[in-house]
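Novice: Sharing a structure here in structure tokens format.
Numbering (the working numbering), first residue to last: 2 to 329.
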């Protein structure tokens, strides 16, 4: 197991370097000039050259990329002379817009995105699995049809539409909840939860619908397996058969998509954060895209890739816990 984890971690590093290289190349070939944007309209040739040197844009692409990669692990020095600036490990560069450390920007926004993703994940797992298992155990009955029709309808609603309806119905019309504004969990857990409840629900509606359909299909297939019939023939309680033998084995495909979904959301939900005004990584990424802030875009891309590949590794390890057959 240790060797397996070691090989996978080496693979993670390779994947992240490849993603960084692709992203870096895309921005290098674009016809934009971050130095000109930072210098302004009335910018002299000398000033533009100084800014390009400070940003490291006067170096060849391969040198810029190597400096970026080595800076992640060892830190690096940007600029020269009076403009020299040391970037500590892990160095992802500095934003072209406000000259702030990209790493500090990401760490400042990460608690917001993590709170949004983890809270929504708890809701959609609880709702999706409950609905899917209930529909599978009552296959082809009225309950099954109602739950699946509801799941299809919920999956058809875009998250921006659901978010706007929740804001209009529960905030503007009924006044039941405050308009979301992020409150750190350590400051006030109750305010933290109440301010994030609507974003959680907006995301959970969409994901729970997809998980309900997936878990229903998985449970129907699992409950038809011979070992399930054997467990029933032995006289085991129905709850034990369903939960211990059926749901546990049927969780394998659910874990796969859950790792991808959670990993992606941890790096920011752009639409949800924008609609509810949450200062998460998604809004940071959207602003960086609008302004062409290459270091921030590259930093968010690497962070998202890291979450996804680490989530996939965690899912692979959980397979052995959920289904012991995987160990062999």
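Backbone N, C-alpha and C fix where the C-beta goes; we use that ideal spot for every residue, glycine too.
Starting from residue 78 and walking both ways along the beta strand (DSSP E), at which residues does that stretch end?
Specialist: 77-79 is the span of the beta strand (DSSP E), which, as asked, contains residue 78.
Novice: Counting along the chain, where does the alpha helix (DSSP H) carrying residue 199 start and finish?
Specialist: Run containing residue 199: 190-224, per the alpha helix (DSSP H) assignment.
Novice: Would you check if the distance between the CB atom of residue 220 and the CB atom of residue 176 is smaller than 7 Å?
Specialist: Cβ distance not < 7 Å, so residue 220 and residue 176 don't count as in contact.
Novice: Considering residue 86, what are the terminal residues of the beta strand (DSSP E) in which it resides?
Specialist: That run of the beta strand (DSSP E) goes 86-88.
Novice: Tell me the DSSP secondary structure of residue 320 in three-state form.
Specialist: Helix.
Novice: Give a yes or no on whether the C-beta atoms belonging to residue 321 and residue 20 are separated by under 7 Å.
Specialist: Not in contact: residue 321 and residue 20 (Cβ atoms no closer than 7 Å).
Novice: Go ahead and pull the three-state DSSP assignment for residue 157.
Specialist: If DSSP states are grouped into helix, strand and coil, residue 157 belongs with coil.
Novice: Apply the 10 Å Cβ neighbour rule to residue 196 and answer buried if 16 or more other Cβ atoms are within range, or exposed otherwise.
Specialist: Classification for residue 196: buried.
Novice: Can you tell me the Cβ-Cβ gap for residue 258 and residue 114, rounded? I've got them flagged as a contact below 8 Å.
Specialist: Not really, about 19 Å apart at Cβ, beyond 8 Å.
Novice: Look up residue 114 in the DSSP assignment and say whether it is helix, strand or coil.
Specialist: DSSP places residue 114 in helix when its eight states are reduced to three.
Novice: Quick one, which of 61, 262, 193, 93 has its alpha-carbon nearest residue 313's?
Specialist: Of the candidates 61, 262, 193, 93, the one whose C-alpha sits nearest the C-alpha of residue 313 is 262.
Novice: Count the other CB atoms, across all protein chains shown, that sit within 10 Å of the CB of residue 159; report buried if there are 16 or more and exposed otherwise.
Specialist: Exposed: under 16 other Cβ atoms inside 10 Å.
Novice: Using a Cβ-Cβ distance cut-off of 7 Å, determine whether residue 153 contacts chain D.
Specialist: No chain D appears in this structure, which consists of one protein chain only.
Novice: Given a cut-off of 7 Å, decide if residue 70 and residue 310 are closer than it, judged by their beta-carbon atoms.
Specialist: Cβ distance not < 7 Å, so residue 310 and residue 70 don't count as in contact.
Novice: Quick one: which unbroken alpha helix (DSSP H) runs of 4-plus residues sit fully inside the segment 226-285? Chain order, please.
Specialist: The qualifying runs are 227-234, 249-267, 271-277.
Novice: Tell me whether residue 183 sits in a helix, a strand or coil according to DSSP, three-state version.
Specialist: DSSP places residue 183 in coil when its eight states are reduced to three.
Novice: Would residue 132 pass as a contact of residue 213 if the rule is Cβ separation under 7 Å?
Specialist: Against a cut-off of 7 Å, the Cβ pair of residue 213 and residue 132 comes out as a contact.
Novice: Check whether the segment 196-210 touches the segment 115-124, taking contact to mean three or more Cβ pairs, one atom from each stretch, closer than 8 Å.
Specialist: The segment 196-210, when compared against the segment 115-124, does touch it at the 8 Å Cβ threshold.
Novice: Do you know offhand how far residue 304's Cα is from residue 268's?
Specialist: Rounded to the nearest angstrom, the two C-alpha atoms are 7 Å apart.
Novice: Is it a yes or a no for the segment 88-105 touching the segment 178-197, going by three-plus beta-carbon pairs under 8 Å?
Specialist: They do not touch, by the three-pair rule.
Novice: Could you check whether residue 295 and residue 28 sit closer than 7 Å to each other, using their CB atoms as the reference points?
Specialist: For residue 28 and residue 295, yes; Cβs fall inside 7 Å.
Novice: Only counting the same chain, and skipping five residues up and downstream in sequence, which positions put a Cβ closer than 8 Å to that of residue 139?
Specialist: Same-chain partners within the cutoff: 145.
Novice: Measuring CA to CA, which of 72, 96, 99 is closest to residue 88?
Specialist: Residue 72 is the option with its Cα nearest to residue 88.
Novice: Is there at least one non-hydrogen atom of the ligand GDP closer than 6 Å to the beta-carbon of residue 72?
Specialist: With respect to the ligand GDP, the structure offers nothing, as it holds no ligand at all.
Novice: Buried or exposed: which applies to residue 37, given that a residue is buried once 16 or more other Cβ atoms fall within 10 Å of its Cβ?
Specialist: Under this definition residue 37 is an exposed residue.
Novice: Using alpha carbons as the reference points, say which of 253, 171, 204, 193 lies closest to residue 157.
Specialist: The residue with the shortest Cα to Cα distance from residue 157 is 204.
Novice: Alpha carbons only, please: which of 40, 99, 25 is nearest the one belonging to residue 66?
Specialist: The shortest C-alpha separation from residue 66 is found at 25.
Novice: From residue 97 to residue 289, what does the alpha carbon distance come to, in whole angstroms?
Specialist: Roughly 9 Å separates the two Cα atoms.
Novice: Per DSSP, residue 95 forms a beta bridge with which residues?
Specialist: According to DSSP, residue 95 bridges with 102.
Novice: Mapping the DSSP letters down to three states, classify residue 288 as helix, strand or coil.
Specialist: In the structure shown, residue 288 sits in a helix (DSSP, three-state: H, G or I).
Novice: Decide if residue 63 is buried, meaning its Cβ has at least 16 other Cβ atoms within 10 Å, or exposed.
Specialist: Residue 63 comes out exposed.
Novice: So, helix, strand or coil for residue 164, using DSSP?
Specialist: DSSP places residue 164 in helix when its eight states are reduced to three.
Novice: Write down the C-beta distance between residue 323 and residue 217 rounded to the nearest angstrom, noting that I regard them as a contact closer than 8 Å.
Specialist: Residue 323 to residue 217, Cβ: 18 Å. No contact.
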